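If you count the sequence shown from 1, position 175 lands on 291 in the working numbering, and the numbers rise without skipping. Single-structure report; data block below.
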Amino acid sequence: AHGQMPTRELERIMGDFYHGRFQILVCTTIIETGIDIPNANTIIINNAQNFGLAQLHQLRGRVGRSHHRAYAYLVIKSHQSLSANAKKRLDAIESLEELGAGFMLANHDLEIRGAGDLLGDNQSGKISEIGFNLYHDLLKRTIDAMRAGKQINLDDPINHEIEIDTGLACIIPETYLGDVHERLVLYKRIANAKDNNELKDLQIEMIDRFGLLPDSTKNLFAATQLKLFCEKIGIDKISLYDDKAHLTFADKTIIEPIKIINLVQKQPKTYQLKGQNQLIIKQEMPEDIERIELVDQLLRNLN
Numbered sequence: 117a118h119g120q121m122p123t124r125e126l127e128r129i130m131g132d133f134y135h136g137r138f139q140i141l142v143c144t145t146i147i148e149t150g151i152d153i154p155n156a157n158t159i160i161i162n163n164a165q166n167f168g169l170a171q172l173h174q175l176r177g178r179v180g181r182s183h184h185r186a187y188a189y190l191v192i193k194s195h196q197s198l199s200a201n202a203k204k205r206l207d208a209i210e211s212l213e214e215l216g217a218g219f220m221l222a223n224h225d226l227e228i229r230g231a232g233d234l235l236g237d238n239q240s241g242k243i244s245e246i247g248f249n250l251y252h253d254l255l256k257r258t259i260d261a262m263r264a265g266k267q268i269n270l271d272d273p274i275n276h277e278i279e280i281d282t283g284l285a286c287i288i289p290e291t292y293l294g295d296v297h298e299r300l301v302l303y304k305r306i307a308n309a310k311d312n313n314e315l316k317d318l319q320i321e322m323i324d325r326f327g328l329l330p331d332s333t334k335n336l337f338a339a340t341q342l343k344l345f346c347e348k349i350g351i352d353k354i355s356l357y358d359d360k361a362h363l364t365f366a367d368k369t370i371i372e373p374i375k376i377i378n379l380v381q382k383q384p385k386t387y388q389l390k391g392q393n394q395l396i397i398k399q400e401m402p403e404d405i406e407r408i409e410l411v412d413q414l415l416r417n418l419n
């Protein structure tokens with residue numbers, strides 16, 4: 117069976133195969149979609165290295181559509197002749213056998229072929245000069261500047277990640293939420309929160325869905341809230357230890373230097389300056405969420 121056959125002849129052949137009048141159908145990828153033959157339990161795909169991942173997934177799905185155990189054989193010329201991408205496609209299709217594997221397969225396909233141009237007509241391929249996240253940041257920054265009527269200066273550094281090391285467990289434990297995928301989704305939503313209101317809404321949602329938050333998850337929300345405040349006032353890094361804390365100020369921090377100097381002069385045993393942009397806090401740190409709240413309150417007083 118192939119696409120160049122007359123319609124009636126093609127229908128007759130497919131009908132005969134469906135009703136079991138013959139046992140083997142030699143065909144092209146025309147059977148890729150729209151064919152449902154429950155009794156077909158084996159497919160042999162010749163030159164499988166030439167097919168895309170989506171095609172292989174569709175072809176494999178032509179068999180095993182009833183209670184019969186099914187087999188899909190992917191035939192290639194030789195392993196040595198496979199390109200790197202062809203090998204990745206075959207490895208991906210071989211590794212995903214469970215029901216509902218389509219999403220994972222689509223992710224593999226995206227990684228292998230690339231997503232193409234965000235603004236352009238190329239539907240595959242990878243951005244070769246910069247990573248996607250950087251490309252997205254540059255694009256958003258340029259659009260925001262143009263909307264505000266500002267001069268665009270791409271030489272200015274892009275907002276970088278604030279480093280927060282609390283020394284505490286800041287996680288969503290498996291004992292609280294067993295589903296790995298759901299935990300990853302929540303981690304992403306917490307990390308992408310734009311303000312405290314979003315974090316508060318997310319906490320309420322989690323409590324409603326999964327119960328009261330464990331201490332480690334409360335720590336996670338508190339650390340994220342502190343990070344948002346650090347981005348606002350210009351703090352590059354915070355490291356909290358059992359007996360001290362290190363705060364590193366950004367070059368363009370909005371905290372007035374005189375406030376930091378006054379703090380150091382009033383309590384020289386507790387607060388010390390190191391270099392031009394680091395404040396050392398020498399005191400015993402609480403072992404729970406109060407450690408984060410202590411630093412948060414200090415920064416708010418300085419601000």
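For glycine and all other residues, C-beta sits at the position ideal for the given N, C-alpha and C. Remember, predicted model here, so these are calculated numbers, not experimental data.
The three-state secondary structure of Gln174, taken from DSSP, is helix. The segment 265-331 contains, as complete alpha helix (DSSP H) runs of 4+ residues, the segments 296-307, 312-326 (chain order). Lys193 carries a coil assignment under DSSP once its states are collapsed to helix, strand and coil. Under the DSSP assignment, Ser355 falls in the beta strand (DSSP E) whose first and last residues are 351-356. Of all C-beta pairs linking the segment 151-159 to the segment 118-129, fewer than three are shorter than 8 Å, placing the two stretches out of contact. The alpha-carbon of Leu255 is positioned some 11 Å away from that of Met262. As summarised for the segment 136-186, the continuous alpha helix (DSSP H) elements at least 4 residues long and confined to that stretch are 169-176, given in chain order. Remark: C-beta atoms of Leu418 and Lys375 approach each other more closely than 8 Å. Counting the other CB atoms within 10 Å of its CB gives Val191 a total below 16, which places it among the exposed residues. In the DSSP annotation of this structure, the continuous segment of the beta strand (DSSP E) that includes Leu395 starts and ends at 394-398.
The C-alpha of Asn378 is placed about 38 Å away from the C-alpha of Ala264. For Thr364, the enclosing beta strand (DSSP E) begins and ends at 360-365. Shortest Cα-Cα distance from Ile397 to any of Gly391, Ile408, Lys385 involves Lys385. The Cβ-Cβ distance between Leu363 and Ile351 falls below 8 Å. When Tyr357, Lys390, Tyr387, Gln394 are compared, the shortest CA-CA separation from Thr369 is found for Gln394.
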